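Residue numbers (this note's numbering), protein chains in the order written: chain Y, 1 to 230; chain H, 231 to 460; chain R, 461 to 690. Glycine included, every Cβ here is placed at the ideal spot set by N, Cα and C. Remember, it's a predicted structure, so these values are computed and weren't measured experimentally.
Pasting the structure below:
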């Protein structure tokens, strides 16, 4: 490949990690980024938005980078959800590369609470301390415990959202549905913050009802990686 | 499940029917519904928008409920069309539950004129008397005969639309296409109203040309349920 | 079929070509076209936007027609990209029919530099002299050499874009990504113009890196038709 090493690695969800040491100026201008770093790290995949955003959140905590852009495509290879394109910026290209490495590696963990069957999927995410990726994508307050509850088809997500907030004292940060806050995906996504134990409790309650409901439409939903929210 | 029974049943199109007796207030606020019922009935599926809207139309006629929200995802499990999320509201939860039951049951009928093959699908719907679901989703005049003609890929829908209005004296209520009025789905959707016989005649003419054209791209299009528009 | 022959033919990408001699006035009004031709030619398919736009560009050069509308659905039958609906207008229906025939035939060529595997696709297009379809869809300057570089998942498209503009002296006409300029598809699309040799050189450089990167996510990407950009 070119002199500036561009390929970092791949991960599940048809995810690729890339780095550009010095983005061409004319392309950079058309990208409409708020912040103009010339060195960027890129992760993008076909399947998943939550896992990638949570992994990017860890990456930005662990490196001297900034989240420049998070974009969600209507994708999942014919599934009901999103694909993703996330860009890190840094003054030094090695920081961007490191952020991409951290994010790719962390996907093994953040795919842990994605459960699917032939009819759809549910997804749960949790962090004890939200950082800049969760803030940019979901408006999560920096430094607070934060979680998301996703159900697809969207009808399941409605009940998951209601169950989550009834099960613990959490604050609703956001609520996305096919017509608003998603890329017309067939999902309801609840975003919550609050005390660490409460957020975890809410997410676990949503997971239980979500798996049960999705199971009524097909086989028992299963995850491809070990659950991390315990 | 929880004390308030939440699961009502399932139906074709990966459709699930659910009820929440008393939606959590913080979630309800984020849902941005125009009308604020605490008791809601929910139907949602991966495949189909027309069948679900027509079934919801019957449900709202048969019960003391209101249509609170109709949202269409770009879905169909990789097909060219929409999935759906429809919410009924009522003061008494038993009304919402009944509406969901009626809608789920009616899907057996409203899927009758959806014809598909490996290249796409066409869909026809007809009601002698449009109610609040058709009004909310398509702007159909309440109480008038109403029909929709859908073709996917969208090019087929253009000819179906033209054929429909040329075949009978109907009024065009709406016309949706990938860039406008759909969730970027690959469909053209014509919405017509008028005299009962004219609407039915127009829909039947669109069905004939639609099946013929879709058949040029693959095998003979077929429906999974008996046709109801005769 | 009806007296005005409506069916012209089919082509790859589940593409159909149709003609309407005299579009019904009430439908035409709802279509919201800027230009009001009663005779229209229609091409539309499930898979592909670039190939159809480039083919339409040749068709409009070769006939006495105008491009009335180009709409891109989020489709590709579960892939990461677009389907399409393109409408030609003409005073004489035989001109529209001829445009559709030319476009359908040219798809055999314009699908030549679409390369796919199980993880995604990349696509390259090039013309020595852009006409009205490229102008309408991408803002290409009429008469200038023009090319597009597409990568899906979008992350690959970012590197392809950067590689293209670094490899030759071209001007960036546009840059589309999941959140902007696409129908929420998982693609980055770079549009470039300039000197004929430079555009071709840039597109070829993007093709090389794009194929290499897409190959890291799966099998060697391949095209279904012979490459035409040489």
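Check                                                                                                                               : Outcome
Whole-angstrom C-beta distance between residue 160/Y and residue 209/Y, which should lie under 8 Å                                  : 6 Å
6 Å CB neighbourhood of residue 393/H in its chain, flanking five on each side removed                                              : 435, 436 and 439
Spatial distance of residue 153/Y from residue 213/Y (CA atoms)                                                                     : 10 Å
Residue 10/Y (DSSP reduced to helix, strand or coil)                                                                                : strand
Beta-carbon contacts of residue 635/R that lie in its chain and below 8 Å, excluding the five residues immediately before and after : 621, 641, 648, 649, 650 and 651
Proximity winner among 246/H, 277/H and 321/H, relative to residue 265/H (alpha-carbon distances)                                   : 321/H
Cα-Cα separation, residue 148/Y to residue 169/Y                                                                                    : 15 Å
Proximity test, Cβ basis, 8 Å: residue 520/R and chain H                                                                            : no
Chain-ordered chain R contacts of residue 446/H [CB-CB under 9 Å]                                                                   : 467, 469, 470 and 476
Rounded C-alpha distance that separates residue 258/Y from residue 632/R                                                            : With chain Y covering only 1 through 230, there is no way to say anything about residue 258/Y.
CB contact check: residue 108/Y to chain H, cutoff 8 Å                                                                              : no
Collapsed DSSP secondary structure at residue 231/H in the structure displayed                                                      : With a pLDDT of 49 at residue 231/H, under the threshold of 50, the modelled position of that residue is not reliable, and no figure is offered here.
Beta-carbon neighbours of residue 133/Y, restricted to chain R and to distances below 8 Å                                           : Ordered by position in chain R, no residue passes the 8 Å Cβ test against residue 133/Y, which lies about 16 Å from the chain.
In chain order, each alpha helix (DSSP H) run of at least 4 residues that lies wholly inside the segment 22-88 of chain Y           : 25-30 and 50-62
From 473/R, 483/R, 502/R and 617/R, residue whose alpha carbon lies closest to that of residue 569/R                                : 473/R
Cβ-Cβ separation, residue 253/H to residue 238/H (assumed contact under 8 Å), whole Å                                               : Residue 238/H to residue 253/H, Cβ: 16 Å. No contact.
Chain Y contacts from the segment 256-268 of chain H (Cβ-Cβ distance under 8 Å)                                                     : 256, 257, 259, 260, 261 and 262
Neighbour flag for residue 45/Y against chain H, beta carbons, 8 Å                                                                  : no
Beta carbon proximity, residue 221/Y to chain H, threshold 8 Å                                                                      : no
Interface flag, residue 535/R vs chain H, CB-CB below 8 Å                                                                           : yes
Where the beta strand (DSSP E) containing residue 607/R begins and where it ends                                                    : 605-612
N- and C-terminal bounds of the alpha helix (DSSP H) containing residue 669/R                                                       : 656-675
Residue burial classification, residue 595/R (beta-carbon count within 10 angstroms, cutoff 16)                                     : buried
8 Å Cβ cutoff, residue 461/R in contact with chain H                                                                                : With a pLDDT of 49 at residue 461/R, under the threshold of 50, the modelled position of that residue is not reliable, and the figure given next carries that caveat. With 8 Å as the cut-off, residue 461/R counts as an interface residue toward chain H.
Distance between residue 450/H and residue 67/Y (C-alpha atoms, nearest Å)                                                          : 50 Å
Residues from the segment 152-167 of chain Y in contact with chain H, defined by Cβ distance under 9 Å                              : 152, 153, 154, 155, 156, 157, 158, 159, 161, 162, 163, 164, 165 and 166
Cβ pair residue 327/H, residue 534/R closer than 8 Å                                                                                : no
DSSP bridge partner residues for residue 477/R (one or two, in chain order)                                                         : 469/R and 503/R
Chain R residues whose Cβ lies nearer than 8 Å to that of residue 146/Y                                                             : Those within 8 Å of residue 146/Y in chain R number zero; the least Cβ separation is about 22 Å.
Proximity winner among 111/Y, 100/Y and 79/Y, relative to residue 119/Y (alpha-carbon distances)                                    : 79/Y
Contact with chain Y by residue 644/R, beta-carbon distance below 8 Å                                                               : yes
Nearest residue (CA-CA) to residue 280/H, options 456/H, 251/H, 301/H and 331/H                                                     : 301/H
Pair within 8 Å by beta-carbon distance, residue 499/R and residue 519/R                                                            : no
Rounded separation between residue 431/H and residue 15/Y - CA only                                                                 : 51 Å
Contact set for residue 241/H: own chain, Cβ-Cβ below 6 Å, skip 5 residues either direction                                         : 334 and 337
Alpha-carbon spacing of residue 414/H relative to residue 37/Y, whole angstroms                                                     : 33 Å
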